[in-house]
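Protein chains in written order, with UniProt numbering: chain A, 1 to 297; chain B, 1 to 106.
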């Protein structure tokens, strides 16, 4: 539950419960199992559920209870990016967990002993003290050392915020055009916050298709065409898109940011806390215009 | 003939709009023969922005059209009509709404 496994920089989810809980958040994804080549049958396909990059980013930014689990390649990148400080902190975290387990065990022990005393059993004071040697606490020893970069031994640490930050940065850096990806994401997030469910939109010649509710219950309303960095859109494309959209009872929407995103500035701005930085971008306005055929001419 | 003239003539002669006139040399206003959508009243004044098919518009260009109409009319319209002209003389008309809308029911 709550794990978002990555495979080749793409969210690939096999766990049905996770798929279900994501759906409740309005994250639809698309099923790609079994017959990935005959995608016209995509209503009949099975797991894994592939997430759009925007969906993956949306879940990690807005729902911190979900966390990215890297694949082997991504893990190597993660390990390479960790400093001694990070490693130290992660080991401390493991230690803390052990201590917590110890503490619970000690409380249980003390409660048990004082119960025995109240029941009239005579117990010397020395026996009231919790002794780890007599009452051992479970401590897992891994088969491989966590000094060696091995994904198995790291499984327990992926949900830590520091690790998540690094993984998220890796994901962002894997995008061929980060500025476009972020524009797409901000449009996605704008639509999502307006209650729309979003799927990929290539079928209708856009980037996204937006539904007023779950795609299994509604027909889509909007075909979304992003406009990047204040670029101009050809009127021919508007006529094309508008006519097609109207023919299939939809609206052709062009969407973009009013503030230009500065790509070069990203590296440093993203670095300390990519989630907060992305959230701050979301506060900026997304401009949308909807096009329809006017019914004459 | 300028784009304004082409669209004005098309509206008057082909679609039988009435009281058609050019506003501030950039947009055409007039009354269609029948209301353009189910939700607009019969006597609603429509505004048509003429453009050539080869033109390119940015989001802020389109925003500018709304802004200028706002200045001229004192209210920002929710939607305008774009009259797109081709070289063969045909004119096609598209609604441009600000923001996200539901598809109109036909």
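For every residue, glycine included, the Cβ atom is placed at its ideal position computed from N, Cα and C.
Status (buried if at least 16 other CB within 10 Å, exposed otherwise) for residue i
i	result
residue 207/A	buried
residue 1/A	exposed
residue 43/B	exposed
residue 88/A	exposed
residue 13/B	exposed
residue 76/B	exposed
residue 219/A	exposed
residue 202/A	exposed
residue 48/A	buried
residue 51/A	buried
residue 129/A	exposed
residue 44/A	exposed
residue 332/A	In the structure displayed, chain A extends from 1 to 297; residue 332/A sits before or after that span and is not available.
residue 158/A	buried
residue 241/A	buried
residue 141/A	exposed
residue 123/A	exposed
Residues that residue i bridges to, as DSSP identifies them
i	result
residue 6/A	11/A
residue 60/B	Answer is none; residue 60/B lacks a bridge partner.
residue 93/B	83/B
residue 287/A	256/A
residue 50/B	83/B
residue 222/A	210/A, 251/A
residue 98/B	289/A
residue 31/B	18/B
residue 200/A	208/A
residue 23/B	27/B
residue 232/A	58/B
residue 30/A	50/A
C-alpha distance - residue i paired with residue j, whole-angstrom precision
i	j	result
residue 239/A	residue 71/A	44 Å
residue 166/A	residue 18/A	23 Å
residue 100/A	residue 90/A	15 Å
residue 77/A	residue 150/A	12 Å
residue 250/A	residue 209/A	9 Å
residue 53/B	residue 235/A	5 Å
residue 1/B	residue 26/B	14 Å
residue 226/A	residue 10/B	32 Å
residue 17/B	residue 47/B	12 Å
residue 179/A	residue 21/B	44 Å
residue 191/A	residue 15/A	26 Å
residue 75/A	residue 111/A	43 Å
residue 326/A	residue 28/B	The structure shown does not extend to residue 326/A, since chain A is modelled only from 1 to 297, so the question has no answer here.
residue 41/B	residue 35/B	6 Å
residue 80/A	residue 156/A	18 Å
residue 33/A	residue 88/B	49 Å
residue 277/A	residue 182/A	11 Å
residue 72/B	residue 66/B	10 Å
residue 243/A	residue 93/B	10 Å
residue 45/B	residue 104/B	19 Å
Distance CB(residue i)-CB(residue j) smaller than 8 Å
i	j	result
residue 63/A	residue 12/A	no
residue 211/A	residue 228/A	no
residue 95/B	residue 292/A	yes
residue 287/A	residue 255/A	yes
residue 273/A	residue 171/A	no
residue 80/B	residue 91/B	no
residue 82/B	residue 49/B	yes
residue 66/A	residue 188/A	no
residue 320/A	residue 97/B	There is simply no residue 320/A to check, as chain A begins at 1 and stops at 297 in what is shown.
residue 6/A	residue 68/A	yes
residue 116/A	residue 270/A	no
residue 54/A	residue 184/A	yes
residue 232/A	residue 68/B	no
residue 222/A	residue 282/A	no
residue 60/B	residue 297/A	no
residue 56/A	residue 4/A	yes
residue 73/A	residue 100/B	no
residue 257/A	residue 295/A	no
residue 160/A	residue 109/A	no
residue 30/A	residue 199/A	yes
residue 86/A	residue 162/A	yes
residue 33/B	residue 15/B	yes
residue 4/B	residue 51/B	no
Taking a Cβ distance cut-off of 7 Å, strictly less, list which residues of the segment 62–90 of chain B are near chain A, in chain order. Only 62, 63, 81, 84 from the segment 62–90 of chain B bring a Cβ to less than 7 Å from some Cβ of chain A.
Can you give me, in chain order, the residues of the segment 262–296 of chain A that have a beta carbon less than 9 Å from any beta carbon in chain B? 287, 288, 289, 290, 291, 292, 293, 294, 295, 296
Can you list, in chain order, the residues of the segment 46–57 of chain B whose Cβ is nearer than 7 Å to any Cβ on chain A? Within the segment 46–57 of chain B, the qualifying residues are 51, 53, 55, 56, 57.
At a Cβ cut of 7 Å, what residues of the segment 28–40 of chain B count as close to chain A, listed as they run along the chain? 36
Where the segment 65–86 of chain A meets chain B: residues whose CB sits under 8 Å from a CB there: none
Closer than 8 Å between beta carbons: that is the criterion. Which residues of the segment 174–188 of chain A meet it against chain B? none
Which residues, in chain order, does the segment 240–253 of chain A contribute to contact with chain B at a C-beta distance below 7 Å? Listed by position along the chain: 242, 249, 250, 251, 253.
Short-range partners of chain B found in the segment 211–235 of chain A, where Cβ spacing is below 7 Å: Listed by position, the residues of the segment 211–235 of chain A near chain B (Cβ gap below 7 Å) are 221, 222, 227, 230, 231, 232, 233, 234, 235.
Quick one: which residues of the segment 195–209 of chain A get their C-beta closer than 9 Å to a C-beta of chain B? List them in chain order. 196
With 7 Å as the C-beta to C-beta threshold (strictly closer), list the residues of the segment 3–19 of chain B near chain A in chain order. 15
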